[in-house]
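Inspection log for the structure reproduced underneath, given as structure tokens.
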Amino acid sequence: MLYVLIVIPFIFLFTNIKVVYFTCSRTKFGFIRDFWLIFFSFIFDVKIINHIHGNDFQNFIESFTYFKFLPKWAYSKVNCTILLFEKMKTQ
């Protein structure tokens with residue numbers, strides 16, 4: 260995780276990224292990586308594509324007690340979301 264937190268800023272600074280594609284984590288520890296990736300994508304105006312697997316994404320967001328605004332802010336910056344099923348749109 261420390262490697263990811265150090266490397267992501269350098270990748271954005273020294274490469275010309277147009278699009279970031281990722282599958283979001285369902286753990287709070289994994290969210291740190293996702294947040295860092297979304298944050299730098301937002302700062303460098305890079306399009307973000309999120310591929311959601313599973314039907315528990317809303318439960319994951321609701322599991323944050325004091326810092327619920329962080330995942331809500333981060334995932335609001337996603338430009339495109341890929342879903343496996345039509346019924347997952349509520350997620």
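In terms of this note's numbering, the sequence shown opens at residue 260 and continues consecutively. Ideal Cβ placement from N, Cα and C applies to all residues, glycine included.
- The Cβ atoms of Asn-309 and Thr-340 sit closer than 8 Å to each other.
- By the beta-carbon neighbour count (other beta carbons within 10 angstroms, threshold 16), Asp-293 is buried.
- In this structure, Phe-326 is the residue among Ser-335, Glu-345, Lys-306, Phe-326 with its C-alpha nearest to the C-alpha of Lys-287.
- DSSP, read as helix, strand or coil, puts Lys-306 in strand.
- Per DSSP, Val-263 is not a residue of any beta strand (DSSP E); the alpha helix (DSSP H) it occupies stretches across 261 to 273.
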